[in-house]
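Mapped onto this note's numbering, the consecutive letters of the sequence shown carry residue numbers 399 to 785.
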Amino acid sequence: MSTPEPPFPFRQFIVKMHGRCNLACRYCYLYEGPDRGWRTRPAAASAAVLERTAGRIGEHARAHRATAVSLVLHGGEPLLAGADTLARFTGLVRARVPDACAVHATVQTNATLLDERRLAVLARHGIRVGISLDGGLPAHNALRTDRAGRPSWPAAARGARLIADRHPEAYAGILTVVDPTTDPVEVYESLLALRPPALDLLLPHGNWSAPPPGRDGTGTPYGDWLCAVFDRWWGAGRRETRVRLFEECVALLLGLPAATESLGLAPFDAVVVETDGSIEQVDSLKSCYEGAAETGLDVFRHSFDDALRHPGVVARQAGSAGLATSCRACPLLSVCGGGHYAHRYRAGHGFANPSVYCADLQRFIRHVAVRLAGAAPVPASREGGIP
399 MSTPEPPFPF
409 RQFIVKMHGR
419 CNLACRYCYL
429 YEGPDRGWRT
439 RPAAASAAVL
449 ERTAGRIGEH
459 ARAHRATAVS
469 LVLHGGEPLL
479 AGADTLARFT
489 GLVRARVPDA
499 CAVHATVQTN
509 ATLLDERRLA
519 VLARHGIRVG
529 ISLDGGLPAH
539 NALRTDRAGR
549 PSWPAAARGA
559 RLIADRHPEA
569 YAGILTVVDP
579 TTDPVEVYES
589 LLALRPPALD
599 LLLPHGNWSA
609 PPPGRDGTGT
619 PYGDWLCAVF
629 DRWWGAGRRE
639 TRVRLFEECV
649 ALLLGLPAAT
659 ESLGLAPFDA
669 VVVETDGSIE
679 QVDSLKSCYE
689 GAAETGLDVF
699 RHSFDDALRH
709 PGVVARQAGS
719 AGLATSCRAC
729 PLLSVCGGGH
739 YAHRYRAGHG
749 FANPSVYCAD
759 LQRFIRHVAV
769 RLAGAAPVPA
779 SREGGIP
């Protein structure tokens with residue numbers, strides 16, 4: 399599969415509006431992982447940082463004749479910065495990009511701070527709301543507590559239902575990290591009850607040096623979980639909600655273009671601006687080692703074109719050339735794409751390794767291929783290459 403030669407311009411700008419969180423989720427790779435850079439950064443992005451960032455986004459969009467960019471208002475918990483601040487910054491970005499360039503803005507929140515006033519501000523300024531939840535029942539969110547150890551579920555559920563009821567046009571969807579110890583169909587159906595227009599199912603950030611929970615080298619617990627949810631989604635007879643991972647896997651199997659960080663060989667096009675104005679690679683790299691996401695660049699002294707030339711970004715855009723030899727020889731290459739970049743890391747060997755989820759991804763992709771071909775599901779031990 400051919401991919402554009404690097405550098406491929408950034409199209410997704412993830413801006414850290416607030417660098418702290420009102421929750422203390424016990425598994426958080428950002429605050430509980432090996433990277434402690436957040437401790438020395440300002441809690442919130444200053445007006446100067448936001449003004450300069452908006453200018454840099456506009457500069458990049460003009461230079462590369464972008465017709466659309468994605469603006470992700472992130473944290474921490476971005477609503478700690480205030481809905482009005484999010485709206486002002488989004489307006490700044492829209493004012494700085496060319497007239498022909500659309501800015502698709504989304505705030506990614508834990509939903510506990512959502513109320514009618516904040517939602518009204520976000521909706522009025524065309525900012526969609528993505529919600530992070532472990533599932534649609536209190537029991538699924540036992541590890542998502544506030545700093546006093548109190549459960550976050552009541553406030554999060556209230557926020558999710560509020561946006562579904564009052565501002566469905568601003569509802570971007572729900573992001574859920576896969577937990578193979580949960581009942582997959584129960585989790586999926588519990589999330590449907592919150593009426594999301596889309597779901598993102600993400601594998602926990604782990605790697606060969608710090609394996610994800612339950613990934614002991616035997617079996618395919620994450621692949622099995624995804625297959626069970628896929629069958630429930632596929633067999634519904636109608637599209638109850640979009641599931642990004644499933645739709646993009648199907649598209650890639652059909653030879654269609656798809657853009658996801660977890661599958662495929664499309665050039666990576668996201669960049670992060672931290673609260674102090676530092677330009678970084680995506681946060682998932684912070685699950686690997688201290689400083690893995692750093693570039694040494696910042697919005698005051700450097701452009702996003704400078705970031706495109708950073709060795710880490712070049713490596714992310716290298717396509718199949720940057721993959722392990724075994725990945726390049728794999729018949730699933732064009733669909734799997736080597737899996738998520740951060741999941742390939744092994745201390746002392748870098749990122750030129752198969753994903754720590756390699757077996758799970760093979761299980762899932764082959765299962766989807768069988769269903770797509772119209773065949774009945776077959777046991778994992780009998781699933782072969784892509785039909």
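The beta-carbon is built from N, C-alpha and C at its ideal position, and this holds for glycine as well.
Minimum C-alpha distance to aspartate 497 - residue among Ala464, Gly524, Phe411: Position 99 of the sequence shown, counted from the first residue, corresponds to residue 497. When each option's Cα is compared against that of aspartate 497, the closest is Ala464.
- prompt: Can we say the segment 603-613 touches the segment 684-699, given the rule of at least three CB pairs closer than 8 Å?
  reply: yes
task: Take alanine 774 and list the residues in its own chain whose beta-carbon comes closer than 7 Å to its own, dropping the five residues that flank it on each side.
output: The residue labelled residue 774 in the question sits at position 376 within the sequence shown. Because alanine 774 sits at a pLDDT of 47, beneath the cut-off of 50, its placement in the model cannot be relied upon, and the point is left open.
- request: Compare the beta carbon distance of leucine 661 and glutamate 645 with 8 Å and say whether it is the shorter of the two.
  value: Here residue 661 refers to the residue found at position 263 when the sequence shown is read from its first residue. Here residue 645 refers to the residue found at position 247 when the sequence shown is read from its first residue. Cβ distance not < 8 Å, so leucine 661 and glutamate 645 don't count as in contact.
field: Beta-carbon contacts of arginine 780 that lie in its chain and below 8 Å, excluding the five residues immediately before and after
entry: Residue 780 sits at position 382 when you count from the first residue of the sequence shown. Because arginine 780 sits at a pLDDT of 45, beneath the cut-off of 50, its placement in the model cannot be relied upon, and the following sentence gives the value as read from the coordinates. Within the same chain, arginine 780 has no close Cβ partners at all.
query: Comparing alpha-carbon positions, which option in Ile763, Tyr755, Lys414 lies nearest proline 602?
result: Position 204 of the sequence shown, counted from the first residue, corresponds to residue 602. That would be Tyr755, whose Cα lies nearest to the Cα of proline 602.
query: Helix or strand or just coil, what does DSSP make of leucine 520?
result: As a first step, residue 520 must be located in the sequence shown, where it is residue number 122. Of the three classes helix, strand and coil, the one that applies to leucine 520 here is helix, per DSSP.
- request: Please report the residue range of the beta strand (DSSP E) in which serine 530 lies.
  value: The sequence position of residue 530 within the sequence shown is 132, counting from 1. Note, serine 530: beta strand (DSSP E), 525-530.
message: Out of Leu484, Val413, Gly735, Ala570, which one is the CA nearest neighbour of isoleucine 455?
response: Position 57 of the sequence shown holds residue 455. Nearest C-alpha to isoleucine 455: Val413.
- request: Pull up the DSSP beta-bridge partners for phenylalanine 411, would you.
  value: If you number the sequence shown from 1, residue 411 lands on position 13. Paired residues: Leu469, Val669.
message: By alpha-carbon positions, which one of Pro578, Gln506, Ala546, Ser676 ends up nearest to histidine 538?
response: Here residue 538 refers to the residue found at position 140 when the sequence shown is read from its first residue. Selected option, being the one with the closest Cα: Pro578.
message: Quick check: what's the CA-CA separation for tryptophan 631 versus alanine 591?
response: If you number the sequence shown from 1, residue 631 lands on position 233. If you number the sequence shown from 1, residue 591 lands on position 193. Roughly 14 Å separates the two Cα atoms.
- request: Could you tell me which residues DSSP pairs with proline 549 in its beta bridges?
  value: As a first step, residue 549 must be located in the sequence shown, where it is residue number 151. Paired residues: Thr543.
message: According to DSSP, is aspartate 581 part of a helix, a strand, or is it coil?
response: In the sequence shown, counting from the first residue as 1, residue 581 sits at position 183. It is coil, neither helix nor strand.
query: Going by the beta-carbon positions, is the gap between valine 527 and threonine 507 smaller than 8 Å?
result: Mapped onto the sequence shown, residue 527 falls at position 129. Mapped onto the sequence shown, residue 507 falls at position 109. Taking 8 Å as the Cβ cut-off, valine 527 and threonine 507 qualify as a contacting pair.
message: Quick check on DSSP: helix, strand or coil for glutamate 438?
response: Along the sequence shown, read from residue 1 onward, the residue named residue 438 stands at position 40. The sequence given here has threonine at residue 438, not glutamate. If DSSP states are grouped into helix, strand and coil, threonine 438 belongs with the helices.
message: Pop quiz: serine 681 and valine 670 are said to be a contact at Cβ under 8 Å. What is the actual Cβ separation, rounded to whole angstroms?
response: For this step, residue 681 is matched to residue 283 along the sequence shown. For this step, residue 670 is matched to residue 272 along the sequence shown. It is worth fixing the name first, because residue 681 is aspartate in this sequence and not serine. Rounded, the Cβ-Cβ distance is 7 Å, consistent with contact.
Exposure label - threonine 616; buried when at least 16 CB within 10 Å: The sequence position of residue 616 within the sequence shown is 218, counting from 1. With fewer than 16 other Cβ atoms within 10 Å, it is exposed.
query: Which first and last residues belong to the alpha helix (DSSP H) in which valine 711 is found?
result: One-based indexing of the sequence shown puts residue 711 at position 313. Valine 711 -> alpha helix (DSSP H) spans 709-714.
task: Going by CA-CA distance only, name the one from Arg556, Arg764, Val467, Asp532 that's closest to threonine 580.
output: On the sequence shown, residue 580 is found 182 positions in, with the first residue counted as 1. Threonine 580 has its Cα closest to that of Asp532, out of Arg556, Arg764, Val467, Asp532.
task: State the Cα-Cα distance for the pair valine 519 and leucine 535, rounded to the nearest angstrom.
output: Your numbering for residue 519 matches position 121 in the sequence shown. Your numbering for residue 535 matches position 137 in the sequence shown. One C-alpha to the other measures close to 28 Å.
task: Along the beta strand (DSSP E) that carries alanine 503, what are the first and last residues, could you check?
output: Stepping through the sequence shown from its first residue, residue 503 is reached at position 105. First-last of the beta strand (DSSP E) with alanine 503: 500-507.
message: For arginine 742, which residues in the same chain have their Cβ closer than 6 Å to its Cβ, ignoring the five residues on either side in sequence?
response: Counting from one through the sequence shown, the residue named residue 742 turns up at place 344. Same-chain partners within the cutoff: Phe749, Asn751, Ser753.
query: What residue from Leu600, Leu421, Arg439 has the CA that sits closest to alanine 804's CA?
result: No answer is possible for residue 804: the residues shown for the chain start at 399 and end at 785.
field: Ranges of the beta strand (DSSP E) found wholly within the segment 613-691, counting only runs of at least 3
entry: 668-671, 676-678
field: Distance, glutamine 410 Cα to proline 709 Cα
entry: Counting from one through the sequence shown, the residue named residue 709 turns up at place 311. Counting from one through the sequence shown, the residue named residue 410 turns up at place 12. Distance between the alpha carbons of proline 709 and glutamine 410 is about 19 Å.
message: Considering only their Cβ atoms, is the gap separating glutamate 457 from leucine 490 smaller than 8 Å?
response: The count along the sequence shown starts at 1 and reaches residue 490 at position 92. The count along the sequence shown starts at 1 and reaches residue 457 at position 59. Going by C-beta atoms, leucine 490 is not nearer than 8 Å to glutamate 457.
task: Output yes or no for whether 8 Å exceeds the beta carbon distance between leucine 484 and methionine 415.
output: Counting from 1 along the sequence shown, the entry for residue 484 is found at position 86. Counting from 1 along the sequence shown, the entry for residue 415 is found at position 17. A contact, by the Cβ cut-off of 8 Å.
field: Endpoints, the beta strand (DSSP E) within which threonine 574 is located
entry: The sequence position of residue 574 within the sequence shown is 176, counting from 1. First-last of the beta strand (DSSP E) with threonine 574: 569-575.
Residue span of the beta strand (DSSP E) that contains aspartate 704, given as start and end: Locating residue 704 in the sequence shown gives position 306, where the first residue counts as 1. Careful: aspartate 704 lies outside any beta strand (DSSP E), inside the alpha helix (DSSP H) at 702-706.
- prompt: If we count the other Cβ atoms within 10 Å of its Cβ and call it buried at 16 or more, is glycine 782 buried or exposed?
  reply: The residue labelled residue 782 in the question sits at position 384 within the sequence shown. Note on glycine 782: pLDDT 48, under 50, position unreliable in the model; no value is reported.
query: Given 8 Å as the limit, is there contact between the segment 475-484 and the segment 697-716, that is, 3 or more CB pairs closer than that?
result: no
message: Can you tell me whether alanine 466 sits near the ligand PLP, meaning its C-beta is under 7 Å from at least one heavy atom of the ligand?
response: This structure lacks the ligand PLP; in fact it carries no ligand of any kind.
message: Give me, in chain order, the residues of the same chain whose beta-carbon lies closer than 7 Å to that of histidine 565; leave out the 5 immediate sequence neighbours on both sides.
response: Position 167 of the sequence shown, counted from the start, is the residue given in the question as residue 565. Leu517, Ala521, listed in sequence order.
query: Got a sec, what are the start and stop residues for the alpha helix (DSSP H) alanine 452 sits in?
result: Within the sequence shown, the letter at position 54 stands for residue 452. That run of the alpha helix (DSSP H) goes 445-461.
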